[in-house]
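Novice:
Protein chains in written order, with the numbering used here: chain H, 1 to 267; chain V, 1001 to 1400.
1) If we define contact as Cβ-Cβ less than 9 Å, is residue 218 of chain H a contact residue for chain V?
2) Below 9 Å on C-beta distance, what does residue 1028 of chain V contact in chain H?
3) Let's test the definition: count the other Cβ atoms within 10 Å of the Cβ of residue 33 of chain H and tell me whether it reaches 16, buried, or not, exposed.
4) Excluding sequence positions up to five away, which residues of its chain have a Cβ less than 6 Å from the Cβ of residue 1368 of chain V?
5) Hey, out of V:1039, V:1183 and V:1337, whose CA is closest to residue 1386 of chain V's CA?
6) Nearest-angstrom Cα distance between residue 1290 of chain V and residue 1202 of chain V?
7) Would you mind sorting residue 30 of chain H into buried or exposed? The rule is 16 or more other CB atoms within 10 Å of its CB.
8) Are the beta-carbon atoms of residue 219 of chain H and residue 1060 of chain V separated by less than 9 Å?
9) Under a three-way DSSP split, which group does residue 60 of chain H fall into?
10) Which chain V residues are close to residue 34 of chain H, counting only those with a beta carbon under 9 Å from its beta carbon?
11) Can you pull the chain H residues whose beta carbon is under 8 Å from the beta carbon of residue 1131 of chain V, in chain order?
12) Can you find the residues in the same chain that come closer than 7 Å, C-beta to C-beta, to residue 113 of chain H, ignoring five residues on each side of it along the sequence?
13) Is residue 162 of chain H helix, strand or coil when you go by DSSP?
14) Could you spell out where the alpha helix (DSSP H) holding residue 18 of chain H opens and where it closes?
15) With 9 Å as the limit, tell me which residues of the region 18-34 of chain H have their beta carbon closer than that to any beta carbon of chain V; keep them in chain order.
16) I want to see whether chain H comes within less than 9 Å of residue 1092 of chain V, judged by CB atoms only; does it?
17) Measure the CB-CB distance between residue 1327 of chain V and residue 1393 of chain V and report whether it falls below 9 Å.
18) How would you label residue 1077 of chain V, buried or exposed, when you count the other beta carbons within 10 angstroms and need 16 or more for buried?
19) Does any residue of chain V have a CB that is nearer than 9 Å to the CB of residue 155 of chain H?
20) In three-state DSSP terms, what is residue 239 of chain H?
21) Kindly say whether residue 203 of chain H, judged by its beta-carbon, lies nearer than 9 Å to any beta-carbon of chain V.
22) Against chain V, with Cβ distances strictly below 9 Å, would residue 8 of chain H count as a contact?
23) Unbroken alpha helix (DSSP H) runs of length 4 or more, entirely within the region 1108-1186 of chain V: which are they?
24) Relative to chain H, which residues along the region 1046-1067 of chain V have a C-beta separation below 7 Å, given in chain order?
25) Going residue by residue through the region 188-215 of chain H, where are the continuous alpha helix (DSSP H) segments of at least 4 residues, counting only ones entirely within it?
26) Using a cut-off of 7 Å between C-beta atoms, extract the partners of residue 1109 of chain V located in chain H.
27) Could you tell me the distance, in whole angstroms, from the CA atom of residue 1023 of chain V to the CA atom of residue 39 of chain H?
28) Relative to the alpha-carbon of residue 107 of chain H, which residue among H:7, H:75 and H:216 has its alpha-carbon at the smallest distance?
29) Taking the C-alpha atoms as reference points, what is the distance between residue 7 of chain H and residue 104 of chain H?
30) How would you write the range of the beta strand (DSSP E) that residue 1034 of chain V sits in, first residue to last?
31) Distance check for residue 2 of chain H and residue 1062 of chain V, CA to CA, integer angstroms please.
32) How big is the Cα-Cα spacing for residue 1383 of chain V and residue 1334 of chain V?
33) So, do the region 1274-1291 of chain V and the region 1216-1228 of chain V have three or more beta carbon pairs nearer to each other than 8 Å?
34) Give me the residue from V:1332, V:1381 and V:1306 with the minimum Cα distance to residue 1340 of chain V.
35) List, in order along the chain, the chain H residues whose C-beta lies closer than 8 Å to that of residue 1144 of chain V?
36) Look at the alpha carbon of residue 264 of chain H and the alpha carbon of residue 213 of chain H, and state the distance between them as a whole number of angstroms.
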């Protein structure tokens, strides 16, 4: 199987630099890193990819069972690492991808030498003393919303509703194309993401870890950032003066600076 | 009335009382301006909103998540997002389907300043979309069902078809055999049949035939033909076909006329000489092809009998032929010789068959049937009728 094609792998930056793998979360695709790449490129070999089911990945490789657990996405990461023969790479994961990186590092420690978690959350649902920010009902509402195709209908659903999935150019014409993934696959990713609980896995992290959080983020609120910091041994938490779940887009300079500082102190 | 003053509108009022909701937020989503239409929809006073709520606060939880994971990043990347369906959370808990478009305003240096958002009431459209979606689900279900039914039917037909043919060819001492059946369509039962079985310790019977028509009715005749011929095999070939003729005629003469063509034969092998004596009769069937080891080939046009089942009693004269080591006898149905070639203008025909058979002279029934199967497979969808093949041969060196 051609993993590079399957995951739409793009390698850029300095070929002699340490590899930095940028992993998008639930929502869009590797385009999310467009403001991060220029800051990393001079000194690092930058690896971008789309998870199967997102962006320009090979949708025919989608397997609902595999991608119904974060371990399946971690397989994608490790297969990309193997295809490029990466060792000791820095894995930068946004949102749920931060947890996918933890799983990948657990399984193949030789591949991943450091983690950068951007707006991570090991569990989105409140559970006893743990405040994920959402109730089970909230998540159910999101999933049923996605399932009844209400949300983002016009952006993502139009080609499917029109019954012309064999005419991808219709999708291309949509202005919202960066996030116009297949709705069925998006639903699977959403379910896997928002019903995941990786809290136990956080304690297994043994590599230098940087946690970046937004000052204002409804998806990964401050309590969650503090929880991740307290659970990952020796991790560093940086709170960015940013709003929203995508500080790498809304506050790119601050995000890039924090990542650069972290990378500079590795080894 | 005509001075125009009463007809004039101001940009301010047009904004405030527009039939669509309008709001502006700072880049972090905090609402800085909102029009009255949108406040009405929300059921909130202006001072509870401006400077106090962010745009995602106006949405349902699902909408908030969608906003954070899709809408906001897209807006950052593209500077605008158009026509996204979300739901507004109204005071009192009701929800209102909306369509949202946003655009980022930049300063002269390209720094993003604020976000302008327009919101349309999407009640009607949402109903329409839901109806579309419902219809699509119904259609998908129906298509699924149809595909399943079709697969079930094809399975059933394949099993039925197989039941009309021998599961495996028996081992005949001193004789090599091979057979093949090609189905023209998985959606239809064909009417061809063949068989090979022991009559007694020394003699074996074989037959290959073709029932007129296709489908379940033809398959029923095939079944009758096969078991009648099996039961009548202890008689000589002419009598066996005579019995089949009588049975079919009696059974179908009334209204639904059904008939078939067939070659029925017996063979007896002399293990000392290696020679095989064959005696056969034909009822309206394409002539068997004799392929001598040295390449001489001939169609055995016997004094042909009539179609089987048409007349109350028919004669089926017999032909006797002896196979020497290396010789073969090929039985086939007209599905082979009447397959369309050259874009449908011509039949595959006996000449092409003869030419191919000459090339395989002195080989084995297996090799011959394999070659003919390749020819049939090459016809692809142009194979309009089922085709049955049965080859009998004496191995070039006698079996020890």
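Note that CB positions come from ideal geometry on N, CA and C, so glycine has one too.
Specialist: Taking the coordinates as given:
1) yes
2) 216, 242, 243, 244 and 250
3) buried
4) 1360 and 1391
5) V:1183
6) 22 Å
7) buried
8) no
9) helix
10) 1077
11) Here the premise fails: no neighbours, minimum Cβ distance about 11 Å.
12) 88, 89, 90 and 207
13) The predicted position of residue 162 of chain H is uncertain, since its pLDDT is 42 and thus under 50; a value taken from the coordinates is nonetheless stated next. DSSP places residue 162 of chain H in coil when its eight states are reduced to three.
14) First-last for residue 18 of chain H: 18-23, but that is the beta strand (DSSP E), not the alpha helix (DSSP H).
15) 25, 26, 27, 28, 31, 32 and 34
16) no
17) yes
18) buried
19) Any reading at residue 155 of chain H must be qualified, since the residue scores a pLDDT of 43, below 50, and its modelled position is unreliable; the value itself is stated next. Yes, residue 155 of chain H counts as interfacial toward chain V.
20) strand
21) no
22) no
23) 1123-1163
24) 1056, 1060, 1061, 1062, 1063, 1064, 1065 and 1066
25) 199-202
26) Here the premise fails: no neighbours, minimum Cβ distance about 14 Å.
27) 34 Å
28) H:75
29) 16 Å
30) 1031-1034
31) 36 Å
32) 11 Å
33) no
34) V:1381
35) Result: empty, since nearest Cβ-Cβ is about 15 Å, beyond 8 Å.
36) 20 Å
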